[in-house]
């Protein structure tokens, strides 16, 4: 008899635990109801998505929890695409995205009854860099970038003299974002013209520090990644300008805000589940996010949006305007956020 | 004359071969040790300035000098305990059944082949399985429990294989002796076979659990979070672990976060070292007890 008891005790405990986990959502809600008396927010807010947006969400969560210590905010790192998958399944309340939502992702949300509000939180610039020993290249035109990165270049454009006449016969080694990242989606859309269209024979990495190392150790290297990684490794890299028809422009706070560093400046977003906003702690968190996104995004190495855009975003949030201002078409290039959100509001 | 002289010549040649082999062997060991030392020294130089009581007791932060590994360290510890609680009884039980009780037929052979194969499956596959089965179908959510179940699956093949190897080293004469004295098969296993096999089983368990402590990919897939500022307060809590925290810090642009990552690695190494030391201690203790 004895061994049987020993066997069944842990098994039944296990089943009980399973049942408890399934009810987690309701448990959190009843908790917030009882705390409403003291006006203190409680509950768990789950964020996932882009690794680019993660430092901003982390900073906001850190500050928010100082004011509301009973709210638990967790931030995961599944990449923009992975984050949207979890968001559509209702596994997270908020997803960080380094590009606007895509049609397929929008459909997945709709199928599961997940409605969302899109909120821009900061600007990021994609820096194009070469090795410091590269003396010949100070800027590239968008057409030249396309020539290097389009799928047709695979195996053909292998030397710098093919990029522009006058460049030396130096082997061209390419470093870029991994295919799961929003940075890859945005860069391909901006340079090649279509999301995810890229040559395959380059060195991809989800970890931008690996790309930094690669470019800094290879004389004929050309790479792209977030501007913050250039700013923290200025001694190992050479930043080049991008000529979009109006002369070469290097990425900086000024050129991103005045819109001249195109097409490689991009807005970063969070997407918030409308249903989750019924919970007071989620609504309070998102409001706090919009209010502090500017200051905190600068602190972690990004560029704050113009104050007007945060005001527009707050209006969108308070009126609960659903859907994407980008029509759920994924990455779009050269759009000024202010214009976009203002037009949308005029229509409504 | 020729025969007498040829023998030392043959001997000398063999001797030279032996010396060459020793030299190559020593070179390989030296290479491995040098690489390891360089890595360890670099990690230590990068990270030791960040090691402080605050580093162990702070939650993650956007400010690298305020960031700590409390959540990750405690998360790793809980995950380890829970994984052990799930994987050890099932794994050792399966091994005992397969070695001591099961008839050898096509079915047990099929099970054996599958277990051996499973030991070689990349860990991220276990992560994908865990995401679908534990997180979604069994709706455990992105919890400590889902993580432990996934890790238990990952550890099981190694535990079963090691435990079976351990059981096989027990000489049959001991089993026959016990049975001849009138003990049942259960009593034979419980009081004769298991104590003898225990050191080998323990070593297998601790080695596979060490692998669990260092695993990153499957936990990222099932949704271990990167930022969390509360300790897990139950089996259903969200969690993070040391390797996930270290991985996140290494991908940040700021140098100071790289130092945090190095410090995190030092702590992780200490933890692994402690676990392996425990394995050796337990093995020696049980071996001595047996000799008496």
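Chains as they are written, first to last, in this note's numbering: chain A, 277 to 624; chain B, 31 to 322.
Note that CB positions come from ideal geometry on N, CA and C, so glycine has one too.
Judged by their CB atoms, residue 525 of chain A and residue 537 of chain A are nearer to each other than the 8 Å cut-off. Taking 8 Å as the threshold, the shortest C-beta distance from residue 215 of chain B to chain A does not fall below it. Under a criterion of Cβ atoms nearer than 7 Å, the residues of chain B adjacent to residue 330 of chain A are, in order, 256. Interface flag for residue 484 of chain A against chain B is set, since a Cβ pair is found closer than 8 Å. Residue nearest to residue 267 of chain B within the set A:322, A:433, A:317 is A:322 (criterion: CA-CA distance).
Our two residues, residue 307 of chain B and residue 99 of chain B, have alpha carbons roughly 23 Å apart in a direct line. Cβ neighbours of residue 173 of chain B within its own chain (closer than 7 Å, five residues either side excluded): 265, 266, 267, 268.
Per the coordinates, the alpha-carbon of residue 117 of chain B lies some 12 Å from the alpha-carbon of residue 234 of chain B. Taking 8 Å as the CB threshold, residue 350 of chain A lines the interface with chain B. Within the region 398-454 of chain A, the complete beta strand (DSSP E) runs of at least 3 residues fall at 415-417, 449-453. Residue pairing by DSSP places residue 394 of chain A opposite A:547 in a beta bridge. Close to residue 401 of chain A, with beta-carbon spacing below 8 Å, lies no residue of chain B; the smallest spacing is near 13 Å. Listed by position along chain B, the residues whose Cβ is nearer than 7 Å to that of residue 341 of chain A are 259. Between the alpha carbons of residue 198 of chain B and residue 293 of chain B lies a distance of about 42 Å.
Shown here, residue 148 of chain B sits in a helix according to DSSP, grouped into three states.
In this structure residue 62 of chain B is exposed. Its beta-carbon is surrounded by fewer than 16 other beta-carbon atoms within 10 angstroms. Of all residues in the region 84-103 of chain B, only 90, 91, 92 place a beta-carbon less than 8 Å from a beta-carbon of chain A. Using a Cβ distance threshold of 8 Å, residue 178 of chain B and residue 103 of chain B do not count as a contacting pair. In the three-state reduction of the DSSP assignment, residue 483 of chain A falls in the coil class, being assigned neither a helical nor a strand state. For residue 198 of chain B, no Cβ of chain A is located within less than 8 Å of the residue's own Cβ.
Around the beta carbon of residue 79 of chain B, fewer than 16 other beta carbons lie within 10 angstroms, which makes this residue exposed.
Chain-order list of chain B residues neighbouring residue 508 of chain A: 283, 284, 285, by C-beta distance under 7 Å. Between residue 542 of chain A and residue 601 of chain A, the alpha-carbon positions lie close to 14 Å from each other.
For residue 121 of chain B, there are no neighbours in chain A by C-beta distance under 8 Å, as the nearest C-beta there is about 14 Å away.
Interface with chain A (8 Å Cβ-Cβ cutoff): residue 80 of chain B is excluded. Per the C-alpha coordinates, the member of A:545, A:451, A:390, A:456 positioned closest to residue 490 of chain A is A:451. Assignment of residue 269 of chain B by DSSP, reduced to helix, strand and coil, places it in the coil class. Your pair residue 398 of chain A and residue 579 of chain A checks out as a contact, with CB atoms roughly 6 Å apart and the cut at 8 Å. Linking residue 464 of chain A to residue 139 of chain B through their CA atoms gives a straight-line distance of about 51 Å. For residue 498 of chain A, the enclosing beta strand (DSSP E) starts and ends at 497-502. Taken through DSSP and simplified to helix, strand or coil, residue 342 of chain A comes out as helix. Buried is the label assigned to residue 281 of chain B, since at least 16 other Cβ atoms lie within 10 Å of its Cβ. The Cβ of residue 505 of chain A sits closer than 8 Å to at least one Cβ of chain B.
For residue 278 of chain B, the C-beta contacts it makes with chain A under 7 Å involve 353, in order along the chain. Beta-bridge annotation (DSSP): residue 524 of chain A is paired with A:519. The C-beta of residue 287 of chain B has 16 or more other C-beta atoms within 10 Å across all chains shown, which makes the residue buried.
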